[in-house]
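S.K.:
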Amino acid sequence: MPAIEILGFEKTYMVGFWRKRPKCALSPLHLTVRDGEIFGFLGPNGAGKTTTLKLLMGLVFPTAGSARLLGQEWTDPRVKAQIGFLPEQPYFYDHLTAHELLNYYAQLSGVPGKERSRRVEAMLQRVGLPEVKGVQLRKFSKGMLQRVGIAQAILHDPKLVFFDEPMSGLDPMGRREVRDLMEQLKHEGKTVFFSTHILSDAEALCDRVAIIHKGELRGVGAVEDLTSSVQGKVEVIWQGTQVPTSMKALGAECHVTGDTVRAIISESQQDAAIDALRRERLRLISIVPVRTSLEAYFVEKLQRAETTAGRMA
Amino acid sequence: MNARIGHIASNTFREAVRDRVLYNLIAFAVLLSGAAILVGQISIDIEKLVVINLGLTAVSLFGIVIAIFIGIGLVSKEIEKRTLYTVLSRPVRRWEFIVGKFFGLAGTLVVNTFFMAIGVFAALFYVAHKFVRADALILIALYFIVLEFLIICSLALLFSSFSSPLLSAVFAFSLFVIGSFAEDLRGFAGMAHGLTRWLATGAAYLVPNFSAFNVISSIAHEQPVAAQLIWHNTLYALFYAAMALSGAVLIFEHRNLKLSSAAKLRLLQALALSFAWPPAP
Amino acid sequence: MFITSPKVLKRASLGYDGLLADIYWTRVVQYFGFRHHNHSLSYNLLAPLLEITTHLDPHLVVAYQFGASFLAPAPPSGAGQPERAIQLMEYGIQNNPDNWHLYYDLGFVYYMNLKDYKKAADAFARGSKVPNAHPFLRLLAAQMAEHAGEFDTARMMWTATYQNSQDKLIRQNAVEHLRSLRVDEDVTNLQEAVTHFGERMGRLPVSMSELAAAEGLPGVPVDPDRHPYKLMPDGRVEVGVPDDFSFATRGLPPGYKPVTKFHDLQP
Numbered sequence: 005m006p007a008i009e010i011l012g013f014e015k016t017y018m019v020g021f022w023r024k025r026p027k028c029a030l031s032p033l034h035l036t037v038r039d040g041e042i043f044g045f046l047g048p049n050g051a052g053k054t055t056t057l058k059l060l061m062g063l064v065f066p067t068a069g070s071a072r073l074l075g076q077e078w079t080d081p082r083v084k085a086q087i088g089f090l091p092e093q094p095y096f097y098d099h100l101t102a103h104e105l106l107n108y109y110a111q112l113s114g115v116p117g118k119e120r121s122r123r124v125e126a127m128l129q130r131v132g133l134p135e136v137k138g139v140q141l142r143k144f145s146k147g148m149l150q151r152v153g154i155a156q157a158i159l160h161d162p163k164l165v166f167f168d169e170p171m172s173g174l175d176p177m178g179r180r181e182v183r184d185l186m187e188q189l190k191h192e193g194k195t196v197f198f199s200t201h202i203l204s205d206a207e208a209l210c211d212r213v214a215i216i217h218k219g220e221l222r223g224v225g226a227v228e229d230l231t232s233s234v235q236g237k238v239e240v241i242w243q244g245t246q247v248p249t250s251m252k253a254l255g256a257e258c259h260v261t262g263d264t265v266r267a268i269i270s271e272s273q274q275d276a277a278i279d280a281l282r283r284e285r286l287r288l289i290s291i292v293p294v295r296t297s298l299e300a301y302f303v304e305k306l307q308r309a310e311t312t313a314g315r316m317a
Numbered sequence: 025m026n027a028r029i030g031h032i033a034s035n036t037f038r039e040a041v042r043d044r045v046l047y048n049l050i051a052f053a054v055l056l057s058g059a060a061i062l063v064g065q066i067s068i069d070i071e072k073l074v075v076i077n078l079g080l081t082a083v084s085l086f087g088i089v090i091a092i093f094i095g096i097g098l099v100s101k102e103i104e105k106r107t108l109y110t111v112l113s114r115p116v117r118r119w120e121f122i123v124g125k126f127f128g129l130a131g132t133l134v135v136n137t138f139f140m141a142i143g144v145f146a147a148l149f150y151v152a153h154k155f156v157r158a159d160a161l162i163l164i165a166l167y168f169i170v171l172e173f174l175i176i177c178s179l180a181l182l183f184s185s186f187s188s189p190l191l192s193a194v195f196a197f198s199l200f201v202i203g204s205f206a207e208d209l210r211g212f213a214g215m216a217h218g219l220t221r222w223l224a225t226g227a228a229y230l231v232p233n234f235s236a237f238n239v240i241s242s243i244a245h246e247q248p249v250a251a252q253l254i255w256h257n258t259l260y261a262l263f264y265a266a267m268a269l270s271g272a273v274l275i276f277e278h279r280n281l282k283l284s285s286a287a288k289l290r291l292l293q294a295l296a297l298s299f300a301w302p303p304a305p
Numbered sequence: 005m006f007i008t009s010p011k012v013l014k015r016a017s018l019g020y021d022g023l024l025a026d027i028y029w030t031r032v033v034q035y036f037g038f039r040h041h042n043h044s045l046s047y048n049l050l051a052p053l054l055e056i057t058t059h060l061d062p063h064l065v066v067a068y069q070f071g072a073s074f075l076a077p078a079p080p081s082g083a084g085q086p087e088r089a090i091q092l093m094e095y096g097i098q099n100n101p102d103n104w105h106l107y108y109d110l111g112f113v114y115y116m117n118l119k120d121y122k123k124a125a126d127a128f129a130r131g132s133k134v135p136n137a138h139p140f141l142r143l144l145a146a147q148m149a150e151h152a153g154e155f156d157t158a159r160m161m162w163t164a165t166y167q168n169s170q171d172k173l174i175r176q177n178a179v180e181h182l183r184s185l186r187v188d189e190d191v192t193n194l195q196e197a198v199t200h201f202g203e204r205m206g207r208l209p210v211s212m213s214e215l216a217a218a219e220g221l222p223g224v225p226v227d228p229d230r231h232p233y234k235l236m237p238d239g240r241v242e243v244g245v246p247d248d249f250s251f252a253t254r255g256l257p258p259g260y261k262p263v264t265k266f267h268d269l270q271p
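Protein chains in written order, with the numbering used here: chain A, 5 to 317; chain B, 25 to 305; chain C, 5 to 271.
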């Protein structure tokens, strides 16, 4: 059973003051997210990522379409007990402490009384906020608030978790921790659906991604498939600063960085390169296939959409 | 289901208290003490009258101001600050949220009134040096004031469910003002003709009839309150509040929770400021 | 404070008319007390202020009593508007039909300022029918018929006014009247004694002591402040310090203009 099935969700807003004109925030969207995967929902700002999430959470009502979460209708209140949601740039009740806030959320999620304080403590530890007893949330920095946000999303042990821009406001250490956490959630058998515009995170974490732009889905698939090597190039790295002439002869682009050299050569020349290095007694560090980055795929998809739109206009 | 309403209510109460709403009690105590001491200078025979009039009027006015100022933000603030998103992503029904907020606010006012009542009785004892049986009437006046609060809270919540805080405050306060001379409005409607009569009658009965709840002056003169009035006011208040709350629920259940542009701007400002802060430990 | 229509104010009070009435009542006391202290001759705002106060709280009895004491008499003692005082009393009675004090105050105005003893009697009679009315109302109604002009009646009235109110100004005013009444009464009696002496002796007495001894008075007569009354060469009796008795009409030096003062004494 898929964790999420979006069946034609569509959202059109009427904007304008006097004469309302329709603005399409989301064209009919069809998407399936498998159980137990980390799914990335990518797109530039204003693409419709947050709209989709809000539709799924029941915060906004679709103009058309429906969805199923964990096999149930997305509007069914019972399904909410099994999902967690971290909104974009969360903000919480200023005058509560983190403990009180999480306790409140635990109450609302139906966590039994005896369990609550234990869970809250455990969550705060897990998100890296062990020492915040008695501090009101208005004194928290953005990064701390983000962690609290994550804590409230997972504290009732949901099967399906939604994160909207989970890395925002975090320093590199924090981002690393969140990435690790999401991996852990996957290992616990949960499904993670997160939206972001930072492609490197998606590349590192996701099993599958979807790309959305101006309310329309532009591409869906496994990261590997989307970035599969089409160029047929490999990257060779060796120790030292020497670039053997034979390498140059292969027409390689060589870059010296510190005490290593990087060279990009075509796949067919791989064996010749290895021989060249052996001959010069240079120590080979690595040979890896060059993949199209997700970014390139992304940009290409978006540009193509622009041109199509341009042609149609 | 009831547990969730209770949790939302107590959270609302806690937010209000932490927001220093109870500090108004200090202002109230100062006002009442000052008046109790000064009133003896004016007229000895009406000391008690003045203390009761002033005390109960202050209880009523302070409470209504609090009810409106907290009530108008109950929903809109949560939407603006997105605290609502994380609440509604849980198995909380939208109507439970509204009802919980209502009870939280009403509870805050009841607690506030309780402390104020103690202040009024203390001031009374100070000027009169003893309590008489008729002083129990003050409790009835306080009860009516609390009923008024229920109505105002429900109205503030109703407006908060669809309108900005500023407009909600204007609406709620206007209804309070008009409601205070609802009786006159009904009289006027009775004498009007045609379309004016229809409009006036509609307005007169739609607006909360606060004239019936204000017994402060008669209680200050130790006039008894008819049991029938107590019944009538209780039922009226419960009915009116229920209607206003139902309206709030209805509106809220169909509302798309997207940020308004003003709120977006404020969010951007908050974002800009937050980047100036040092990173988290 | 701006004076507007009582009805508008009542609406503007948003149901808190009791407190607003108390505030306006404070204004009344300040307004009158201040002007009176400065010997003002006009109290234009007194009637409107009292009307607003009573419209906001029709049961504020002290306001009606204040009107009875100070709206009716002529300046500088009051506003000199007895008709408006009557209107105020009737409004009070309409809203508090079981409060006998108000009938008393109505009768008081008729008696003291309009000298309409018949209407005064009517008012007292109406009041006496009210349940729990003070029995002296019936007495006063009867007094009006025959003894209206007498000192005793006047004394009874002012004593009643003093006892019926806790308001400082009303009481002080009553005290002042009682003192002056005493002086009037004393001077009247003393003047009669002088005349009597004159008829017997064929001449004026040379001193108060002679008069006292001849007429069998207990001693040299003194006024409420314990100052002796003076016997003038022309046979007139004069009070020692006229300024201390604002409402005295007898025993005053010729061409004397009264000055209003309030005393805090018990009669």
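Backbone N, C-alpha and C fix where the C-beta goes; we use that ideal spot for every residue, glycine too.
As the structure is a computational prediction, the values presented were derived from the model and not from experiment.
Have a look at Ser113/B and Leu164/A and give me their C-alpha separation to the nearest angstrom.
M.R.: For the purposes of this step, residue 113/B is identified with residue 89 of the second sequence, where counting begins at 1. For the purposes of this step, residue 164/A is identified with residue 160 of the first sequence, where counting begins at 1. C-alpha separation (whole angstroms): 12 Å.
S.K.: Looking at the C-beta of Thr137/B, does it have a partner C-beta in chain C at a distance below 7 Å?
M.R.: By 1-based counting over the second sequence, the position of residue 137/B is 113. For Thr137/B, the answer is no, since every Cβ of chain C falls outside 7 Å of its Cβ.
S.K.: So for Trp242/A, helix, strand or coil by DSSP?
M.R.: If you number the first sequence from 1, residue 242/A lands on position 238. The answer is strand: DSSP assigns Trp242/A an E or B state.
S.K.: Checking the sheet assignment: what are the DSSP bridge partners for Asp205/A?
M.R.: The residue given as residue 205/A occupies position 201 in the first sequence. Looking at the DSSP assignment, Asp205/A forms no beta bridge with any residue, so it has no partner.
S.K.: Note down, one range per segment and in chain order, each beta strand (DSSP E) of at least 3 residues found wholly within the segment 208-251 of chain B.
M.R.: none
S.K.: Taking the straight line between their C-alpha atoms, what separation do you get for Arg282/A and Glu271/A?
M.R.: Reading the first sequence from its first residue, position 278 is the one you call residue 282/A. Reading the first sequence from its first residue, position 267 is the one you call residue 271/A. Spanning the two alpha carbons is a distance of roughly 18 Å.
S.K.: Considering Cα atoms alone, identify which of Arg204/C, Ala216/C, Arg183/C is closest to Asp248/C.
M.R.: Along the third sequence, read from residue 1 onward, the residue named residue 248/C stands at position 244. Among Arg204/C, Ala216/C, Arg183/C, the Cα nearest to that of Asp248/C is on Arg183/C.
S.K.: Between Phe168/B, Phe173/B, Leu56/B, which has its C-alpha nearest Ala250/B's C-alpha?
M.R.: As a working mapping, residue 250/B is identified with position 226 in the second sequence. Nearest of Phe168/B, Phe173/B, Leu56/B to Ala250/B, Cα basis: Phe168/B.
S.K.: How would you call Ser113/A, buried or exposed, if buried means at least 16 neighbouring beta carbons within 10 angstroms?
M.R.: As a working note, residue 113/A is residue 109 in the first sequence. Under this definition Ser113/A is a buried residue.
S.K.: Going along the chain, which unbroken runs of the beta strand (DSSP E) with 3 or more residues stay wholly within the segment 135-165 of chain A?
M.R.: None, since the segment 135-165 of chain A contains no complete beta strand (DSSP E) of that length.
S.K.: Identify the continuous alpha helix (DSSP H) that holds Thr8/C and give its terminal residues.
M.R.: Numbered from its first residue, the third sequence carries residue 8/C at position 4. Element bounds for Thr8/C: n/a, residue is neither H nor E.
S.K.: Which of the three DSSP states, helix, strand or coil, is assigned to Gly244/C?
M.R.: Looking up residue 244/C in the third sequence gives position 240. Coil, per DSSP.
S.K.: So the candidates are Phe38/C, Gln170/C, Met205/C, Met236/C; which of them puts its Cα closest to the Cα of Phe70/C?
M.R.: One-based indexing of the third sequence puts residue 70/C at position 66. Of the candidates Phe38/C, Gln170/C, Met205/C, Met236/C, the one whose C-alpha sits nearest the C-alpha of Phe70/C is Gln170/C.
S.K.: Between Ala102/A and Val152/A, how many whole angstroms is the CB-CB distance? I'm expecting something under 8 Å.
M.R.: The residue given as residue 102/A occupies position 98 in the first sequence. The residue given as residue 152/A occupies position 148 in the first sequence. Indeed they touch by this definition, with Cβ atoms about 5 Å apart.
S.K.: Compare the C-beta of Ala317/A with all C-beta atoms of chain B and state if any pair is closer than 7 Å.
M.R.: As a working note, residue 317/A is residue 313 in the first sequence. Here Ala317/A scores only 47 on pLDDT, less than 50, and its place in the model should not be relied on; the value that follows carries that caveat. Not one chain B Cβ lies under 7 Å of Ala317/A.
S.K.: Let's see if you can read the secondary structure: which residues bound the alpha helix (DSSP H) around Met236/C?
M.R.: Along the third sequence, one-based indexing puts residue 236/C at 232. First-last for Met236/C: undefined, no H or E at that position.
S.K.: For Leu18/C, return the contacting residues in chain B, with the cut-off set at a CB-CB distance below 7 Å.
M.R.: Residue 18/C sits at position 14 when you count from the first residue of the third sequence. Going along chain B in sequence order, the residues near Leu18/C (Cβ under 7 Å) are Val201, Ser204.
S.K.: Counting only runs of 4+ residues fully inside the segment 73-157 of chain B, write out the alpha helix (DSSP H) ranges in chain order.
M.R.: 97-104, 107-112, 118-152
S.K.: Would you mind working out which of Leu181/B, Val231/B, Ser188/B sits nearest Phe121/B, comparing C-alpha positions?
M.R.: Residue mapping note: residue 121/B aligns to position 97 of the second sequence, counting from 1. Selected option, being the one with the closest Cα: Leu181/B.
S.K.: Do the segment 63-82 of chain A and the segment 132-151 of chain A touch if we need at least three Cβ pairs shorter than 8 Å?
M.R.: no
S.K.: Which full runs of the alpha helix (DSSP H) of 4+ residues lie inside the segment 167-236 of chain C, going along the chain?
M.R.: 172-205, 212-219
S.K.: Residues of the segment 160-182 of chain C in Cβ contact with chain B at a cutoff of 7 Å, in chain order, please.
M.R.: Gln170, Asp171
S.K.: List the residues that DSSP assigns as beta-bridge partners of Leu90/A.
M.R.: Residue 90/A sits at position 86 when you count from the first residue of the first sequence. BP columns for Leu90/A point to Phe167/A.
S.K.: Identify, in the order they occur along the chain, each residue of the same chain with its Cβ nearer than 8 Å to the Cβ of Val116/B, setting aside the five sequence neighbours on each side.
M.R.: Along the second sequence, one-based indexing puts residue 116/B at 92. Excluding sequence neighbours, Val116/B sits near Arg28, Ile32.
S.K.: By Cβ distance below 8 Å, which residues in the same chain neighbour Ala268/B in space, the five residues on each side in sequence not counted?
M.R.: Translated into positions along the second sequence, residue 268/B becomes position 244. Excluding residues within five positions, the ones whose Cβ falls inside 8 Å are Ile175, Ser178, Leu179, Leu181, Leu182.
S.K.: I need the boundaries of the alpha helix (DSSP H) containing Thr55/A, first residue and last residue.
M.R.: Position 51 of the first sequence, counted from the first residue, corresponds to residue 55/A. First-last of the alpha helix (DSSP H) with Thr55/A: 53-61.
S.K.: Should Leu92/C be labelled buried (16 or more other beta-carbon atoms within 10 Å of its own) or exposed?
M.R.: Here residue 92/C corresponds to residue number 88 of the third sequence, with the count starting at 1. Label assigned to Leu92/C: buried.
S.K.: For Arg142/C and Tyr107/C, which I take to be in contact (beta-carbon distance under 8 Å), what is that distance rounded to the nearest angstrom?
M.R.: Position 138 of the third sequence, counted from the start, is the residue given in the question as residue 142/C. Position 103 of the third sequence, counted from the start, is the residue given in the question as residue 107/C. About 11 Å; that fails the 8 Å criterion.
S.K.: Can you tell me whether DSSP reads Leu92/C as helix, strand or coil?
M.R.: Position 88 of the third sequence holds residue 92/C. Three-state result, Leu92/C: helix.
S.K.: So if I threshold CB-CB distances at 7 Å, which residues from the segment 85-119 of chain B count as touching chain A?
M.R.: Lys105, Arg106, Thr107, Tyr109, Thr110, Val111, Leu112, Ser113, Arg114, Pro115, Val116, Arg117
S.K.: Is the Cβ of Phe37/B closer than 7 Å to any Cβ of chain A?
M.R.: Along the second sequence, read from residue 1 onward, the residue named residue 37/B stands at position 13. Not an interface residue.
S.K.: Can you list the residues of chain B that Lys24/A reaches, using a CB-CB cut of under 8 Å?
M.R.: For this step, residue 24/A is matched to residue 20 along the first sequence. The premise fails here: Lys24/A is roughly 14 Å from chain B at the closest Cβ pair, so nothing lies under 8 Å.
S.K.: Quick check on His278/B: buried or exposed, where buried means 16 or more other Cβ atoms within 10 Å of its Cβ?
M.R.: Taking the second sequence and counting its residues from 1, the one referred to as residue 278/B is at position 254. Looking at its Cβ environment, which holds fewer than 16 other Cβ atoms inside 10 Å, His278/B is exposed.
S.K.: On the three-state DSSP scale, how would you describe Gly114/A?
M.R.: In the first sequence, counting from the first residue as 1, residue 114/A sits at position 110. Gly114/A falls in the coil class under three-state DSSP.
S.K.: Hey, how far is the Cα of Glu71/B from the Cα of Ala217/C?
M.R.: Position 47 of the second sequence holds residue 71/B. Position 213 of the third sequence holds residue 217/C. About 53 Å.
S.K.: Nearest-angstrom Cα distance between Ala272/B and Lys125/B?
M.R.: Indexing the second sequence from 1 puts residue 272/B at position 248. Indexing the second sequence from 1 puts residue 125/B at position 101. Roughly 11 Å between the two C-alpha positions.
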